[in-house]
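Scroll down for the structure; my scribbles are underneath it.
Chains as they are written, first to last, in this note's numbering: chain U, 45 to 570; chain R, 45 to 570.
Pasting the structure below:
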């Protein structure tokens, strides 16, 4: 049996006994086989000693049981690594940052506590997946949408706390939350926002409450265990329409992104989209690949034009009343018409609700608020998984071009200098910034993984030098990323550490999460 | 000369000397005349000993000077009360919570550091007022809007930190901020969000940064001194249109609010509005007043109908491309048409930019992003000011009716049992909740003010019993309001206090702000 660092075998075994008393013996897992299920299926440390492996897992069913687990952990100084459904794939899955941590698995806390159709919100526990909530709403015929990410088996709470994104107008998941219940490291239960008012009527309707608005400190953090969370839902819209815009020249990206920024900041476009470069996303074609490698932009533009493709492509999603959506598309076309050679195409158009047959025909249901696992079937890299390098960029064409150049170089450094690099989608997941998702494949090959990790670390630094920072990262790189957020000699990290020491003096909650180590491990680990 | 509590005359005089060395002797104020300017002009403690009066004021010009002031305050344990422009009227103005505090006046820090027209944001210091930023943008002809509250002489930073609101689609001012610079109680400077990345390209474009998102803890708080803050601006829209909806029956409020909630949660309506009850907001009329007092709803409805008025009135504001705005109004009318007897009226319609002459004709420029002091000329209570009782309510008709009943009773308790109560606007300032602003007048009469304060305190409790909590309050009532946010035996306050003790162990920053007292004053004051 593995042990948490610094914990004796006797103490650990006593702690496991007490966990079992708290949550039931069927819900404490310590056999190798059981514990193996909590390893990161796509770890970049495959076959290496460094792979962080939990020592055990404990799965409470209620908030009172979470309190007990936290108190026991404090008694024996057991590090806990909290997961909701454990699907944080590409970012570490269900595995801890610190080897030997006990996974605090909240999957049994899967209650949908309220769905309010009139005021469009839900209150859920961490074990509730997007599929669960969708099913609940669908079964009752409620006229509200959830906002699933790609894929939909993860937890609403987990995804929002990691500040993940979806596609509908509620795509910024942390922003769309309203009210939390949190178990602190000392076992105290706090309700945030209006939840601090007993008998509150607006816990899921007004975010801030009174006094300091604390919710943010529980995201991407190890300051507490979130046990309930409210989410704003989107009223089922009358219609969805998506229109495609292509522009012919490489340098058109400047105008394309600038007009898009104006539209989205104005509220004319409210969903998520991505800026796609056709040289890498067009159907595979040897001539195109050769032209890309040649670096002859003019020839590439001409070739794309001859194939009827643009150089850049952007789908604009519109949600709302049919006549509003139509007017928004019309206006968007007017704005983009200032770019010579721009072309428009209608992509998809729906009126809601869709019946099962209509839904089955939809290319991708996720932007229509319907969770799916389709992402595993198309477009994703296969086999052993990947790590997401995901920096945020300013919403400008310059940044898009610069990012492509940086990532093309990284691709060559990864060891495929003769191929054209794969495409890098540039997402408009967040309201005012772009996010790149650059997939670095994981192999069952120690040397390749070592090189990939070195390149990832190099990318973090290269991006930081350009003023771009990751919005989220794999557990393997949390220290590296936090290191570059170094203004005033790491003042933000000092602030995080001050709060950590005050809120969790024994450092039992998720040591190392997002680069925050408890005092006793700080020197060794950071 | 007044002294801060627990500070010797010698220490205080040494501290003032050091403040003068740090900021220049012209910027330390300690004469009675100077200090009097920092009193709350509309204090509810007029002529009473309890009125909190500062001992001095210090006005730094740079963030380095703020650091020095904070360090000096730590040396001598001087309580500092930070103000930006000091216009937090109805909530305490520029006066501290704790008598004898030194006002840390940031008015000299009035630099507009950046306005980015392409990505629609600004970075400003606390002394920048809405007028200042408007003028800056106007002088350069930039195509971005600010979102002023009523009135416009206050600070963007101060208003956002108090979680104030305006009228355009950027009306939730805290939500519209992006990135902060904060001086902590120990003098350390932290930049939040992407500002923690040196050379960041997205400080004003991506909010969360990496790791715990801490910005919220600096709002309505005493955990730091915010010295810079970014704000998202609204791209100048093509058009503004407002349409009025009236419905004839008292009970129509249920459908009216439900449809409004659907429209605003769908993003069809994006600005601020208010639900107005015509019995109290119609032009003064003795017969109407008599009917209100009679409690005969049917007679009241008939009378209003006969006068061509509805029972409830709602202006819907629309911002954006002209054709989108027109479609949004059309759709809204369709939705409200399910209410029998509903009537629609076009109120205002503009295309931007407006020239000076057009602007001069506008009824109220504030919803068009133009700051004003017009609120002091119309509609506001005169004379000695008022305190705002401002609870948040769920977005339902039931809540509106219940709130009216509660506040009518409070009006009678205030001592005017024979008049019809004044109107109580119910604002949709925040995305998913309603906010009432109930003005309780302040008099130059000790007994009346004592009664008003008792009634205010009673209202806080009455509201809490109904599940409504204040979103913000006057310094005089901060303890009372925080007291009702009492879930789990005041767990949220315990969390605030744990953070306060860690971040400001000597308790020098704004003791008492929002009910958070430093350790050494906690028992005595709370």
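Every residue, glycine too, gets a C-beta built ideally from N, C-alpha and C.
query = Of the residues 300(R), 330(R) and 203(R), which one's Cα is nearest the Cα of residue 319(R)?
reply = 300(R)
query = What whole-angstrom Cβ distance do residue 113(R) and residue 66(R) have, given they're in contact under 8 Å?
reply = 6 Å
query = Of all the CB atoms in chain U, is at least one closer than 7 Å to the CB of residue 264(R)?
reply = Against chain U, the CB of residue 264(R) has a partner CB under 7 Å away; the residue lies at that interface.
request  = Quick one: grab the DSSP three-state call for residue 437(R).
outcome  = Note: residue 437(R) maps to strand in three-state DSSP.
request  = Output the distance between the C-alpha atoms of residue 161(U) and residue 146(U), rounded to the nearest integer angstrom.
outcome  = 38 Å
ask   = Which word fits residue 173(R), buried or exposed, when buried means at least 16 other C-beta atoms lie within 10 angstroms of its C-beta?
value = buried
key: Touching by the beta-carbon criterion (3+ pairs, under 8 Å), the stretch 403-410 of chain U and the stretch 442-450 of chain U   = no
task = Look at the alpha carbon of residue 183(R) and the alpha carbon of residue 396(R), and state the distance between them as a whole number of angstroms.
result = 16 Å
request  = Quick one: give me the first and last residue of the alpha helix (DSSP H) that residue 506(R) is part of.
outcome  = 490-509
request  = Can you tell me which of the three DSSP states residue 527(R) falls into?
outcome  = helix
query = Counting contacts by CB-CB distance shorter than 7 Å, is residue 308(R) in contact with chain U?
reply = no
message = In this structure, how does DSSP classify residue 398(U) when only helix, strand and coil are distinguished?
response = coil
inquiry  = Restricting to runs no shorter than 3 residues, where is the beta strand (DSSP E) found entirely within the stretch 141-202 of chain U?
reply    = 146-149, 156-160 and 165-168
task = Identify whether residue 273(R) lies in helix, strand or coil by the three-state DSSP scheme.
result = DSSP, reduced to helix, strand and coil, places residue 273(R) within a strand of the structure shown.
7 Å Cβ cut-off: residues of chain U touching residue 364(R) = Per Cβ cutoff of 7 Å: 310, 311 and 312.
query = So, helix, strand or coil for residue 562(R), using DSSP?
reply = Of the three classes helix, strand and coil, the one that applies to residue 562(R) here is coil, per DSSP.
task = Label residue 497(R) either buried or exposed according to how many other C-beta atoms from any shown protein chain fall within 10 Å of its C-beta, with 16 as the threshold for buried.
result = buried
query = What does a CB cutoff of less than 7 Å around residue 563(R) pick up in its chain, not counting 5 residues either side in sequence?
reply = Hits under 7 Å: 545 and 551.
request  = Answer with yes or no whether the minimum CB distance from residue 242(U) to chain R is below 7 Å.
outcome  = Yes, contact with chain R.
Cβ distance (whole Å) where residue 139(U) is taken to contact residue 96(U) below 8 Å = 6 Å
request  = Take every Cβ of the stretch 514-528 of chain U, pair it with every Cβ of the stretch 267-278 of chain R, and state whether three or more of those distances are shorter than 8 Å.
outcome  = no
query = Which one of 208(U), 378(U) and 127(U) has the shortest CA to CA distance from residue 148(U)?
reply = When only C-alpha atoms are compared, the closest one is 127(U).
message = If I measure Cβ to Cβ from residue 423(U) and keep anything under 8 Å in the same chain, skipping five residues before and after, which residues do I get?
response = Only weak support is given to the placement of residue 423(U): the predicted model assigns it a pLDDT of 48, under 50, and the question is left unresolved by the model.
query = Mind checking if residue 323(R) is an interface residue toward chain U, Cβ cutoff 7 Å exclusive?
reply = Chain U places no beta carbon closer than 7 Å to that of residue 323(R), leaving this residue out of the contacts.
query = What does residue 560(R) touch in chain U if you count any residue whose Cβ is under 8 Å from its own?
reply = Listed along chain U are 255 and 256, each with a C-beta nearer than 8 Å to that of residue 560(R).
ask   = Between which two residues does the beta strand (DSSP E) harbouring residue 318(R) extend?
value = 318-321
task = With 7 Å as the threshold, decide whether the Cβ of residue 252(R) is near any Cβ in chain U.
result = Residue 252(R) counts as touching chain U.
task = Check the Cβ-Cβ distances between residue 249(U) and every residue of chain R, and say whether any is below 7 Å.
result = Yes - at least one Cβ of chain R is within 7 Å of the one on residue 249(U).
message = If you follow the alpha helix (DSSP H) that residue 419(R) is in, where does it begin and where does it stop?
response = Element bounds for residue 419(R): n/a, residue is neither H nor E.
inquiry  = Quick check: what's the CA-CA separation for residue 200(U) versus residue 336(R)?
reply    = 48 Å
is_contact[residue 66(U), chain R] using C-beta, thresh 7 Å = no
request  = Answer with yes or no whether the minimum CB distance from residue 501(U) to chain R is below 7 Å.
outcome  = no
ask   = Can you tell which of 237(R), 241(R) and 262(R) has its C-alpha closest to the C-alpha of residue 256(R)?
value = 237(R)
Cα-Cα separation between residue 212(U) and residue 312(R), rounded to whole angstroms = 15 Å
message = If the cut-off is 9 Å on Cβ atoms, which residues from the stretch 513-531 of chain R count as contacting chain U, listed in chain order?
response = 513, 514, 515, 516, 517, 522, 525, 526, 528, 529, 530 and 531
task = Name the residue from 258(R), 377(R), 343(R) and 231(R) whose alpha carbon lies nearest to the alpha carbon of residue 239(R).
result = 258(R)
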